[in-house]
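Here the structure is laid out as structure tokens; the discussion comes afterwards.
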Amino acid sequence: MVQKKYYISIIVASTFFITYLHYLALPGVHELHSIFSELYYIPIMLGALVFGLKGAILTFIFASVLYLPYIFVNWSNTFPFIANKVLHALFSGSFAFLAGFLVDREKKRREQSEKEQYLASLGLVATTIVQDLKNPLITISGFARRIQEGKGDTGKVLQTIMDSAQKMQMIVQEVLDFAK
């Protein structure tokens, strides 16, 4: 949470600084204003990388609101001026949307991949547990069948069954301890 507040501070400060540079530059030096307009992409990209689509769009809106007074103060009814400002707004808005969308999509893909890896790990653990329980069960059923058929030393057979059951209890206890 502290880190996100830090990024918000950087985004807000950089947007204010870029806007300050706009207002500070000489009105006749159009090249500087073009450069400063392009600098707005930096906080927009940072907003997208840290906060996704919502952060990119909010940063774009914030930068646009700060930039609007400059446009109105220096308004010119010439086609190049209007086209420049409209295209800049369209491109930076599209950039904000696309960058935020791609970051959100990548986050969802990463979360889905982590979830799939987690489920695969659970499957592997379950397979191992079942395999560990299968061997004592085979022993128990085989020796129980021998008792039923009346074959072998009953005392030795019962001890083997008890050992196998105890081994199964240990496996179950280890799984429960691991689950905690």
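Residue 83 in the numbering used here sits at position 44 of the sequence shown, with consecutive numbering throughout. For every residue, glycine included, the Cβ atom is placed at its ideal position computed from N, Cα and C.
Under 8 Å between C-beta atoms of residue i and residue j
| i | j | result |
| --- | --- | --- |
| Asp143 | Gly91 | yes |
| Ile81 | Ser53 | yes |
| Ala64 | Phe75 | yes |
| Tyr62 | Tyr109 | yes |
| Ile50 | Thr98 | yes |
| Lys126 | Thr58 | Sequence inspection shows Leu at residue 126; the Lys mentioned does not correspond to that position. Result no, Cβ atoms of Leu126 and Thr58 do not sit closer than 8 Å. |
| Ile210 | Ile177 | no |
| Gly139 | Gly94 | yes |
For residue i, three-class secondary structure by DSSP
| i | result |
| --- | --- |
| Tyr45 | helix |
| Ser115 | coil |
| Gly189 | coil |
| Tyr79 | coil |
| Lys219 | coil |
| Leu65 | coil |
CA nearest to the CA of residue i, picked from the options
| i | options | result |
| --- | --- | --- |
| Asn113 | His72, Lys147, Ser160, Ile179 | His72 |
| Glu213 | Ile177, Ala165, Glu150, Asn116 | Ala165 |
| Lys206 | Glu77, Ile179, Tyr106 | Ile179 |
| Lys124 | Leu107, Phe140, Asn174 | Leu107 |
| Gln208 | Val196, Ile47, Asn174, Tyr46 | Asn174 |
Exposed unless 16 or more other CB atoms sit within 10 angstroms - verdict on residue i
| i | result |
| --- | --- |
| Pro119 | exposed |
| Phe130 | exposed |
| Ile121 | exposed |
| Phe101 | buried |
| Ile96 | buried |
Near the ligand ZN: residue i beta-carbon under 7 Å from a heavy atom
| i | result |
| --- | --- |
| Thr54 | Here there are no bound small molecules, and the ligand ZN is not part of this structure. |
- Message: Under 8 Å, with one C-beta from each stretch per pair, do the stretch 126-140 and the stretch 80-99 reach the 3-pair mark?
- Response: Taking 8 Å as the limit for Cβ pairs, the verdict is that the stretch 80-99 does touch the stretch 126-140.
- Does the pairing of the stretch 176-189 with the stretch 200-209 give three or more beta-carbon distances under 8 Å? At 8 Å Cβ cutoff, the stretches touch.
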